[in-house]
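Take a look at the structure below.
Protein chains in written order, with our numbering: chain G, 252 to 532; chain E, 252 to 532.
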C-alpha cells in the first residue's frame, strides 16, 4: 500500500504507517526553550533547530509527531517561525497532530480550523468539547484530517468536571458517545489519558470505533498494558501513544537527538512486547 | 481616582473606567479579513490598519476591547503582526481581553498563560473549564489580570454538555460554582451568553461576586434588559457587554470607523436607558 496513492482519510494513513513501521509512538514536541540543550540556545530560532534534529533522528521510528502549540506561542515571533519551520521539516509521510485544544462558537471555530489545517497544515488537531457540536463542526468538515476531542485527561482536575456524574454516567462518557455520533465522516478520535487505565476498557466498549490519542505515557506514568489491550479500535486503528519530555529531553547534552531516538525505540519496543504478551494470553 | 495610581486588579480597573466613561460596551475585534472594506485590502497588514482606525474612533466610548485570536491566527504571519500591532495601538488605560479560550494540562497551560499575559500583554483572557482547576491555575496566578471562564454560551451546542444535568444541576452551574471557589485572588469572571437570559438571574444569585463577560448582544440578539438587571456583581463590577460584527462591520464603506463609533455609542446609550428604566422600577 505504501507505494500506492496516499489514502484520503487521516486514520487510514495512520493505520497503514503504523503497520509499515511497527510503531505506535507519537513524539510530542513540547519544546520548552529553557530545556533545550545550551549549545543550541544562542541560535536565532533554537526551537526550530531543536525540532529539526529530533525529527531527523526519529522520523523512521515515530508513528507521528504531536506539536504542542503553547510552547511555540509563548516564544512570540521566534516561536511562530519555529512552528512553521517544524511543520515544513517533518517528512510528508509522517502525520502531524497539532495539539491546540481549540474550540469556539461557529464563526470563530471556522477560523481556528482554517489556521490549524490550512495555515499550519496539520494532519490532525486536538479540540475541546465544552461548547458542543457546532463549535467542532468547522473542524469536522475537513474530512481528510483527524479531530481528537478531549475525553478523559490524566491531570488531577479531571475530577472537577470530566468525572462529574450526569444522568448516571460521567461527563467524559457523554462526550465519548456524542463524538461517536458526530463521527459521520470517520475523522473523529478521542484523547484519553494513559493514567486513567481503569476507564480504558469501558471506553473502548462504549465507543468501539473511535481512535484514541493517549498522552501521559512516560513522564506521567501511564500503563502500557491497558493501552495495548484496549487502545486499538475494533477495526484496528492503533492508539497514538504520545511521549513528550521522556523522549525529547531524554538527554540535555549534545547527544540529545540520539537519546531521543533511543527513547523512541525503547517505547516502541516496550509496546511491541506488550502486544506480543497480549496476543499470547 | 482616574488620575491616581492604576489599581492593581483588573476588575477594579474595569469598574473605575466604566464609572468614568459611563460605558459597558466591549468592542469585539473579530477581524475577518474578507469583511474589511475593500480600500484597505491592498495593504500589507489590513487587519492592523482596520483595527487602528476602529480603535481611534471608539477608544473614548468603549469600556474595553476583546481581541478574537482566531481571526489573527488564521492569517498566518500577517495576522501575527496585526495582532501584536493591535495590542500596541490600544491606549494603555483601555483594558484588552484576549479571547483565546485556552486551557491545557499544567505544564502546557503555563505556556499559554505566559503567551497571553506576557507575550501579547493582555489584561484579561477567556479560558475553557473542561480540564479542571489545575489547567486554569497557571492563568489564575496572574493576580492583576482577569480570567473569564466559559460558563454558558449562546450557541446551539450549549445543550450538548453545558446544559447536561449533573447531580441535579446543569454542568454550567457546577462550573460557575467551582470558579467562584477558585476565585481566591479576585481575578475570575464568567462568560455568559446574552441569549441565555433565563439563566441570568439564577446565575447571578448563585455567584453574586463573579463578573460576567456577555457576548451575543447585537448580531446574536441577546436581551439588554436581563443583562442590566442581573449583569453587575453585587459589589458593582459591571458586566462586559460585547458586540463584534454589529460594531466593527456596521459599514463596509470608507466610513466604517465612524459607523463603528456610532454603533458603540448607540449600544452604550441603549444600556444607559435600560439602567435608568431598571432604577425607576
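Ideal Cβ placement from N, Cα and C applies to all residues, glycine included.
Check each candidate in E:301, E:443 and E:349 and name the one with the smallest Cα separation from residue 507 of chain E.
Position 256 of the second chain holds residue 507 of chain E. Ranking E:301, E:443 and E:349 by Cα distance to residue 507 of chain E puts E:301 first.
Segment contact, 8 Å Cβ cut-off, at least three pairs: the segment 333-340 of chain G with the segment 255-272 of chain E
no
Along chain G, in chain order, which residues have C-beta atoms closer than 7 Å to that of residue 432 of chain E?
In the second chain, the residue the question calls residue 432 of chain E occupies position 181. The contacting residues do not exist; residue 432 of chain E stays about 10 Å from chain G at best.
Kindly provide the ranges of any beta strand (DSSP E) runs that are 3 or more residues long and lie completely inside the segment 405-460 of chain G, ordered along the chain.
439-443
Check this for me: beta carbons of residue 402 of chain E and residue 376 of chain E, under 8 Å apart or not?
The residue you call residue 402 of chain E lines up with position 151 of the second chain. The residue you call residue 376 of chain E lines up with position 125 of the second chain. Their beta carbons are not under 8 Å apart, which means residue 402 of chain E does not touch residue 376 of chain E by this criterion.
What do you reckon, are the CB atoms on residue 397 of chain E and residue 262 of chain E nearer than 8 Å?
Looking up residue 397 of chain E in the second chain gives position 146. Looking up residue 262 of chain E in the second chain gives position 11. Yes, Cβ-Cβ distance for residue 397 of chain E and residue 262 of chain E is below 8 Å.
Could you confirm whether any beta carbon from chain G is found closer than 8 Å to the beta carbon of residue 324 of chain E?
As a first step, residue 324 of chain E must be located in the second chain, where it is residue number 73. Chain G, which has a Cβ nearer than 8 Å to the Cβ of residue 324 of chain E, makes this yes.
Listed in chain order, which residues of the segment 414-445 of chain G have Cβ atoms closer than 8 Å to some Cβ of chain E?
415, 416, 417, 418, 422, 425, 426 and 429
Taking the Cβ atom as the reference point for each residue, do residue 411 of chain G and residue 384 of chain E lie within a distance shorter than 8 Å?
Looking up residue 411 of chain G in the first chain gives position 160. Looking up residue 384 of chain E in the second chain gives position 133. Yes; because the gap between Cβ atoms is below 8 Å, this pair is in contact.
How far does the alpha helix (DSSP H) with residue 361 of chain E in it reach, from first residue to last?
On the second chain, position 110 is the one that residue 361 of chain E refers to. Residue 361 of chain E -> alpha helix (DSSP H) spans 357-365.
Where does the unbroken alpha helix (DSSP H) through residue 527 of chain E begin, and where does it stop?
Indexing the second chain from 1 puts residue 527 of chain E at position 276. Run containing residue 527 of chain E: 507-531, per the alpha helix (DSSP H) assignment.
Near-chain G residues of the segment 305-322 of chain E (beta-carbon distance less than 8 Å), N- to C-terminal order
319, 321 and 322
Following the continuous beta strand (DSSP E) through residue 463 of chain G, name the residue where it begins and the one where it ends.
For the purposes of this step, residue 463 of chain G is identified with residue 212 of the first chain, where counting begins at 1. Counting along the chain, the beta strand (DSSP E) containing residue 463 of chain G begins and ends at 463-465.
Closest residue to residue 534 of chain G among E:409, E:330, E:343 and E:348 (Cα-Cα distance)
With chain G represented from 252 up to 532, any question about residue 534 of chain G goes unanswered, as that position is not in the structure.
Cα-Cα separation, residue 415 of chain E to residue 422 of chain E:
Stepping through the second chain from its first residue, residue 415 of chain E is reached at position 164. Stepping through the second chain from its first residue, residue 422 of chain E is reached at position 171. Distance between the alpha carbons of residue 415 of chain E and residue 422 of chain E: 6 Å.
Identify the residues that DSSP records as bridge partners of residue 317 of chain G: which are they?
Residue 317 of chain G sits at position 66 when you count from the first residue of the first chain. Paired residues: G:279 and G:348.
Specify the secondary structure class of residue 304 of chain G as computed by DSSP and reduced to three states.
For the purposes of this step, residue 304 of chain G is identified with residue 53 of the first chain, where counting begins at 1. Three-state DSSP puts residue 304 of chain G in a helix.
Could you check what DSSP says for residue 268 of chain E in three-state terms: helix, strand or coil?
Against the second chain, residue 268 of chain E aligns to sequence position 17. Of the three classes helix, strand and coil, the one that applies to residue 268 of chain E here is helix, per DSSP.
Presumed contact (8 Å Cβ cut-off) between residue 373 of chain E and residue 509 of chain E, rounded CB distance
Indexing the second chain from 1 puts residue 373 of chain E at position 122. Indexing the second chain from 1 puts residue 509 of chain E at position 258. With 8 Å as the limit, residue 373 of chain E and residue 509 of chain E do not qualify as a contact, their Cβ atoms being about 27 Å apart.
Using the C-alpha atoms, what's the distance from residue 364 of chain E back to residue 386 of chain E?
Taking the first residue of the second chain as 1, we reach residue 386 of chain E at position 135. Taking the first residue of the second chain as 1, we reach residue 364 of chain E at position 113. Answer to the nearest angstrom: the Cα atoms are 10 Å apart.
Measure the CB-CB distance between residue 277 of chain G and residue 313 of chain G and report whether it falls below 8 Å.
Residue numbering aside, residue 277 of chain G sits at position 26 when the first chain is read from its first letter. Residue numbering aside, residue 313 of chain G sits at position 62 when the first chain is read from its first letter. In contact: residue 277 of chain G and residue 313 of chain G (Cβ atoms closer than 8 Å).
Using a beta-carbon distance below 8 Å, is residue 253 of chain E in contact with chain G?
Working through the second chain from its first residue, we reach residue 253 of chain E at position 2. Annotation note: pLDDT 40 at residue 253 of chain E (below 50); position unreliable, no value reported.
Enclosing beta strand (DSSP E) for residue 403 of chain E [first to last residue]
By one-based count along the second chain, residue 403 of chain E stands at place 152. That run of the beta strand (DSSP E) goes 397-403.
How far does the alpha helix (DSSP H) with residue 329 of chain E in it extend, from its first residue to its last?
Taking the second chain and counting its residues from 1, one reaches residue 329 of chain E at position 78. Taken as a continuous stretch (DSSP letters only), the alpha helix (DSSP H) holding residue 329 of chain E covers 327-340.
Taking just the CA atoms, how far does residue 518 of chain E sit from residue 462 of chain E?
Here residue 462 of chain E refers to the residue found at position 211 when the second chain is read from its first residue. Here residue 518 of chain E refers to the residue found at position 267 when the second chain is read from its first residue. Their backbone Cα atoms lie some 20 Å apart in a straight line.
Closer than 9 Å, Cβ to any Cβ of chain E: which residues of the segment 353-365 of chain G, in chain order?
353, 354, 355, 356, 357, 358, 359, 360, 361, 362, 363, 364 and 365
What residue range is occupied by the uninterrupted alpha helix (DSSP H) comprising residue 491 of chain E?
Position 240 of the second chain, counted from the first residue, corresponds to residue 491 of chain E. Element bounds for residue 491 of chain E: not the alpha helix (DSSP H) but the beta strand (DSSP E), 491-494.
Grab me the residues of residue 457 of chain E's own chain with a C-beta within less than 7 Å of its C-beta, minus the 5 sequence neighbours each way, in chain order.
The count along the second chain starts at 1 and reaches residue 457 of chain E at position 206. Cβ within range, chain order: 424, 427 and 428.
DSSP-derived helix/strand/coil call for residue 252 of chain E:
Taking the second chain and counting its residues from 1, one reaches residue 252 of chain E at position 1. Low per-residue confidence applies at residue 252 of chain E: pLDDT is 37, beneath 50, and the placement is therefore not dependable, though the value from the model is reported in the following sentence. If DSSP states are grouped into helix, strand and coil, residue 252 of chain E belongs with coil.
Select from the segment 378-411 of chain G all residues with a C-beta closer than 9 Å to any C-beta belonging to chain E, and list them in chain order.
379, 380, 381, 382, 383, 384, 385, 386, 387, 388, 401, 404, 405, 406, 407, 408, 409, 410 and 411
Does DSSP put residue 484 of chain G in a helix, a strand or coil?
Your numbering for residue 484 of chain G matches position 233 in the first chain. Residue state, collapsed to three classes: coil.
Using DSSP with H/G/I as helix, E/B as strand and the rest coil, what is residue 611 of chain E?
There is no way to answer for residue 611 of chain E, as the model of chain E reaches only from 252 to 532.
Report, in whole angstroms, the separation of the C-beta atoms of residue 451 of chain G and residue 443 of chain G, which I expect to be a contact under 8 Å.
By one-based count along the first chain, residue 451 of chain G stands at place 200. By one-based count along the first chain, residue 443 of chain G stands at place 192. 7 Å between Cβ atoms; contact.
Could you name the residues of the same chain whose beta carbon sits closer than 7 Å to that of residue 351 of chain G, not counting the 5 residues immediately before and after it, in chain order?
Reading the first chain from its first residue, position 100 is the one you call residue 351 of chain G. Cβ neighbours of residue 351 of chain G beyond the five flanking positions: 320, 367, 376 and 377.
For a contact meaning CB atoms closer than 8 Å, what does residue 281 of chain E contact in chain G?
What you label residue 281 of chain E is simply residue 30 of the second chain in a count that begins at 1. Residues of chain G passing the Cβ test: 358 and 359.
Under the three-state DSSP convention, the category residue 284 of chain G falls into:
What you label residue 284 of chain G is simply residue 33 of the first chain in a count that begins at 1. Residue 284 of chain G falls in the helix class under three-state DSSP.
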